[in-house]
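Everything on this sheet refers to the single structure shown next.
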Amino acid sequence: AVFMASKWLPLTEVTALWSLNPIFAALAGRVFLNEPVSPVHGVGILVFLGGAICAVDPVTTFGGGRTDDNVWLGRALAVFAAIVSGVRIVFPRHMFAAGHVSCLAPPFWMGFMGLLLPTLAGFALPGFQSGVN
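Counting in this note's numbering, the sequence shown runs from 3 upward without gaps.
Right under this line is the structure:
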């Protein structure tokens, strides 16, 4: 999804949005592993998120900018990539917490998720099969 987002966004914006994956890893850890999220973590998440929003496109964020639909599609894909990456960070710990799991299972599922989800998203997006212009 990171590479698909780069079709519609500059690589700096894609990287800034994709770097949100620790936020989604913390939230996935809370959901899947019941890990605590303290108020300090919450403030850190909000500061991190606010900084990323400001860094992505300050003109649009603070007014005066114009954004077309393709930019929002690229941003959605970059955030989707961050969500998947965050879940992929927590997924092996969730598998091992479940019990008797081979040490090869987490790398397999992480690779499978990294291959399957972007491939399905690529088929779902109209016009992406033409490649990056």
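Note that CB positions come from ideal geometry on N, CA and C, so glycine has one too. Given the structure is predicted, the values throughout are model-derived calculations rather than measurements.
Looking at the structure shown, is Asn36 part of a helix, part of a strand, or coil, going by DSSP?
If you number the sequence shown from 1, residue 36 lands on position 34. In the structure shown, Asn36 adopts coil according to DSSP, grouped into three states.
Going by other Cβ atoms of all chains shown within 10 Å of its Cβ, with 16 needed for buried, is Leu22 buried or exposed?
For the purposes of this step, residue 22 is identified with residue 20 of the sequence shown, where counting begins at 1. So Leu22 counts as buried.
At what residues does the alpha helix (DSSP H) containing Leu19 begin and finish?
As a first step, residue 19 is located in the sequence shown; it is residue number 17 there, counting from the start. Residues 13–20.
Quick one: residues in its chain with C-beta nearer than 6 Å to the C-beta of Ala57, no 5 flanking neighbours on either side, listed in chain order?
Taking the first residue of the sequence shown as position 1, residue 57 is located at position 55. Excluding positions up to five away in sequence, the list reads Ala18.
Just mark Leu122 as buried or exposed, buried being the case when its beta carbon has 16 or more other beta carbons within 10 Å.
One-based indexing of the sequence shown puts residue 122 at position 120. Flag for Leu122 reads exposed.
Do Phe34 and His96 count as a contact pair if the criterion is CB distance below 8 Å?
Counting from one through the sequence shown, the residue named residue 96 turns up at place 94. Counting from one through the sequence shown, the residue named residue 34 turns up at place 32. Yes; because the gap between Cβ atoms is below 8 Å, this pair is in contact.
Under 8 Å, do Ala54 and Val39 count as touching if we go by C-beta distance?
As a working note, residue 54 is residue 52 in the sequence shown. As a working note, residue 39 is residue 37 in the sequence shown. No.
Judging by CA-CA distance, which residue of Val16, Leu118, Pro94, Gly101 is the nearest neighbour of Pro109?
Residue numbering aside, residue 109 sits at position 107 when the sequence shown is read from its first letter. Of Val16, Leu118, Pro94, Gly101, the residue nearest in Cα terms is Pro94.
Tell whether a beta-carbon distance below 8 Å holds between Leu11 and Val73.
Position 9 of the sequence shown, counted from the first residue, corresponds to residue 11. Position 71 of the sequence shown, counted from the first residue, corresponds to residue 73. Leu11 is a Cβ neighbour of Val73, given a cutoff of 8 Å.
Helix, strand or coil: how does DSSP classify Trp10 here?
Translated into positions along the sequence shown, residue 10 becomes position 8. Trp10 falls in the coil class under three-state DSSP.
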